[in-house]
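Enquirer: Numbering-wise (our numbering), the sequence shown opens with residue 293 and increments by one.
Where a beta carbon is used, it is the ideal one built from N, C-alpha and C, also for glycine.
Just passing along the structure, written as structure tokens.
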Amino acid sequence: MPRLTALLGALFLAGAALVLPAPAVQAAAGHQVVMSGYAFSPRTLTITAGDTVTWTNQDQAPHDVETTSGPASVHSPMLSKGGSWSHTFTAPGTYGYLCTVHPGMTARLVVEAAAAPAPTVRQHQHPTAAAPTGRAAGAMPSSMHMGHSAEAAAPGAAKTPSPSPTASASAAVAAQPAVDNAASATRPLSPLLLLTGVVAGVAVLCLLLVGSRSAAAASRNEEAGTG
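Given below as structure tokens:
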């Protein structure tokens, strides 16, 4: 049982790794600028928008950072020896800055725009019928194309020849009496015909009774004469 639980957990983690989106393209980077010898090092620094720059003072004299040009204004607190200050730049552009205590300490910072992540394109393949190629395909009439499509839809089906007009007319004439007989069979009888049939039946029954009585009387007469 513990092995089965561990196997299920491993399968779950593997499926989650396939389903979860990819991590961010790149995390924001950090950059260091040292204040030493009454100068900024490096004097020119190129970063990407979203990166953070940290200034650290290694001189005995205090220093600070103040922009003189650029898309945004930046001014740090006064940093004594060993002090540091960080700032994250989000607006692309070129920044010029200096130390207000020592105006000769100048430097430049270039902030480049962050590259946009490439959009994820998902390709879906749909099965499509192969189109005919070549000159023959371009010259094929639409009627022939429809005929071939119908034949392809029912492969192996035998072609049934269309009946001629003469055969169709003969079949219609032959079927007409059967239709008339069926119609007459389903037609209801009139009351007069029904009454005539009843009367005829009664007359036949009476004739049968009279005939049977005559025969019985004749047989009795013969027996009486013989006796």
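How is Gly517 classed by DSSP in three states: helix, strand or coil?
Expert: Helix.
Enquirer: Rounded to a whole number of angstroms, what is the C-alpha to C-alpha distance between Ser365 and Pro411?
Expert: Roughly 34 Å between the two C-alpha positions.
Enquirer: Helix, strand or coil: how does DSSP classify Ser441 here?
Expert: Confidence in Ser441 is poor, its pLDDT being 46 and thus under 50, which makes the residue's placement unreliable; the coordinate value appears in the next sentence. Three-state result, Ser441: helix.
Enquirer: If we call anything under 8 Å between Cβ atoms a contact, is Val357 one with Ser368?
Expert: Yes, the pair counts as a contact, with Cβ atoms nearer than the cut-off.
Enquirer: What is the rounded straight-line gap between the Cα of Ser333 and the Cα of Ala383?
Expert: Answer to the nearest angstrom: the Cα atoms are 22 Å apart.
Enquirer: Any idea what DSSP makes of Ser361, helix, strand or coil?
Expert: The answer is strand: DSSP assigns Ser361 an E or B state.
Enquirer: So, under 8 Å CB-CB, Ser361 and Gly396 are touching, yes? Tell me the CB distance rounded to an integer number of Å.
Expert: With 8 Å as the limit, Ser361 and Gly396 do not qualify as a contact, their Cβ atoms being about 17 Å apart.
Enquirer: Just the Cα atoms here: how many angstroms apart are Met520 and Asn349?
Expert: Because the chain in this structure spans residues 293 to 519, residue 520 falls outside the shown range and cannot be described.
Enquirer: Is Glu404 closer than 8 Å to Ala321 when the C-beta atoms are compared?
Expert: Contact flag unset, no.
Enquirer: Near Ser328, which residues of its chain fall below 7 Å by C-beta distance, leaving aside the five closest residues on each side in sequence?
Expert: Within the same chain, Ser328 has close Cβ partners Gln350 and Asp351.
Enquirer: What's the C-alpha gap between Thr336 and Ser376?
Expert: In a straight line, the C-alpha of Thr336 is about 19 Å away from that of Ser376.
Enquirer: Can you say whether Leu401 is buried or exposed, counting buried as having 16 or more other CB atoms within 10 angstroms of its CB?
Expert: Buried, because 16 or more other Cβ atoms sit within 10 Å of the Cβ of Leu401.
Enquirer: Residues bridged to Thr322 by DSSP?
Expert: Strictly speaking, residue 322 in this sequence is Gly, with Thr absent from that position. According to DSSP, which records beta bridges pairwise, Gly322 is partnered with Thr344.
Enquirer: When burial is assigned at 16 or more other CB atoms within 10 Å of the CB, is Cys498 buried or exposed?
Expert: It counts as exposed.
Enquirer: Determine, using beta carbons only, whether Ala495 comes closer than 8 Å to chain D.
Expert: The structure shown contains no chain D; it is built from a single protein chain.
Enquirer: Where do the N-terminal and C-terminal ends of the beta strand (DSSP E) with His379 fall, by residue?
Expert: First-last of the beta strand (DSSP E) with His379: Ser376 to Thr380.
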